Amino acid sequence: YTVDVTGVTGDGTMTLAVATGSDVKDLAGNALASSVTSGQMEIDHTSPTAAAITPVTASPTSATTVQFTVHFTESVNGFDAAADLVIAETGGLTHSGATISGGPQEYTVDVTGVTGNGGAIALAVSTASDVADLAGNPLTSSVTSTAVTILWSVPVPLKPGWNLVLFPNAPLVEDAAAL
Numbered sequence: 019y020t021v022d023v024t025g026v027t028g029d030g031t032m033t034l035a036v037a038t039g040s041d042v043k044d045l046a047g048n049a050l051a052s053s054v055t056s057g058q059m060e061i062d063h064t065s066p067t068a069a070a071i072t073p074v075t076a077s078p079t080s081a082t083t084v085q086f087t088v089h090f091t092e093s094v095n096g097f098d099a100a101a102d103l104v105i106a107e108t109g110g111l112t113h114s115g116a117t118i119s120g121g122p123q124e125y126t127v128d129v130t131g132v133t134g135n136g137g138a139i140a141l142a143v144s145t146a147s148d149v150a151d152l153a154g155n156p157l158t159s160s161v162t163s164t165a166v167t168i169l170w171s172v173p174v175p176l177k178p179g180w181n182l183v184l185f186p187n188a189p190l191v192e193d194a195a196a197l
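197 is the number that the numbering used here gives the last residue of the sequence shown; the numbers go up by one with no jumps.
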């Protein structure tokens, strides 16, 4: 026999057994004397969320790869492609790729090939992606990380009236007193 159970709400576990005091009888008219309980079924109606996205790379940085840790509220599948990410760039920054590793609940994302100067990169997980929990419930929301500032050049404080002139291939002077 096939039993369809409908109207189940919430999350948890369920088993099924036929009550021995019921009107179930065999073909000879004998009442059911004993019953076997089914295996346990997991019920999951709760969708996962990307609850925390934390930059691993310190800000500001001049790195060409910026790393983030992504933590989901439960184990997920499908978090494996750049299309699963929302990468926000400001100040003319660009990137050439992204890789995702780890799982099933905590992942590392590397945003690679970062170029530009004076902008910032922030990360979120796309709710339009194929990310879902193990029961197939789709991702419903994502936080956005704190932005990581990218600076290729750092301003050098000079004495009033001094000018800084850089010459290609000139030796580096490490002792300002030598000037």
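Cβ atoms here follow ideal geometry from the backbone N, Cα and C, with glycine treated the same way. Since this is a predicted model, take the numbers as computed values, not measurements.
State the beta-bridge partners of residue 116 as determined by DSSP.
In DSSP, residue 116 forms a bridge with 129.
Contact under 8 Å by Cβ, residue 146 with residue 163:
Contact flag unset, no.
Pick from 25, 59, 43 and 108: whose alpha carbon is nearest that of residue 136?
Each of 25, 59, 43 and 108 was checked against the Cα of residue 136, and the nearest Cα belongs to 108.
Going along the chain, which unbroken runs of the beta strand (DSSP E) with 3 or more residues stay wholly within the stretch 34-94?
Taking only runs of at least 3 residues, the beta strand (DSSP E) segments lying wholly in the stretch 34-94 are 59-61, 67-73 and 84-90.
Give the single residue among 110, 55 and 88 whose Cα lies nearest to the Cα of residue 118.
In terms of CA proximity to residue 118, 88 leads the group 110, 55 and 88.
My output table needs one value for residue 151: the three-state DSSP class, helix, strand or coil.
DSSP places residue 151 in strand when its eight states are reduced to three.
So, at 8 Å on beta carbons, what are the nonlocal neighbours of residue 28 in its own chain, with the 5 sequence-adjacent residues on each side left out?
Same-chain partners within the cutoff: 61 and 63.
Assign residue 100 to one of three DSSP states: helix, strand, or coil.
The answer is helix: DSSP assigns residue 100 an H, G or I state.
Can you name the residues that DSSP bridges to residue 156?
Beta-bridge partners of residue 156 (DSSP): 150.
Flag this pair as yes or no: are the beta carbons of residue 232 and residue 142 separated by less than 8 Å?
Past the edges of the chain, shown from 19 to 197, lies residue 232, and the structure says nothing about it.
Just checking my contact of residue 56 with residue 33 at CB under 8 Å: how many whole Å lie between their CB atoms?
Their Cβ separation, rounded to whole angstroms, is 5 Å, which keeps residue 56 and residue 33 in contact under 8 Å.
Per DSSP, which residues does residue 30 bridge with? Please list them.
In the DSSP output, where bridge partners are listed per residue, residue 30 has 61.
Range covered by the beta strand (DSSP E) that runs through residue 138
Run containing residue 138: 137-143, per the beta strand (DSSP E) assignment.
Quick test of your reading: residue 115 and residue 148, contact by CB under 8 Å. State the CB separation rounded to the nearest angstrom.
Not really, about 19 Å apart at Cβ, beyond 8 Å.
Per DSSP, what are the beta-bridge partners of residue 167 in this structure?
DSSP output for residue 167 lists 138 as bridge partner(s).
Measure the C-alpha to C-alpha separation of residue 80 and residue 170 and round it to an integer number of angstroms.
Distance between the alpha carbons of residue 80 and residue 170: 5 Å.
Look at residue 54 and residue 35 and say whether their C-beta atoms are less than 8 Å apart.
In this structure, residue 35 lies closer than 8 Å to residue 54 by Cβ.
Considering only the alpha carbon of each residue, which of 37, 26 and 84 lies closest to residue 127?
Each of 37, 26 and 84 was checked against the Cα of residue 127, and the nearest Cα belongs to 84.
beta-carbon residue 67 near the ligand COA non-hydrogen atom, thresh 7 Å:
This structure does not include the ligand COA; it has no bound ligands of any sort.
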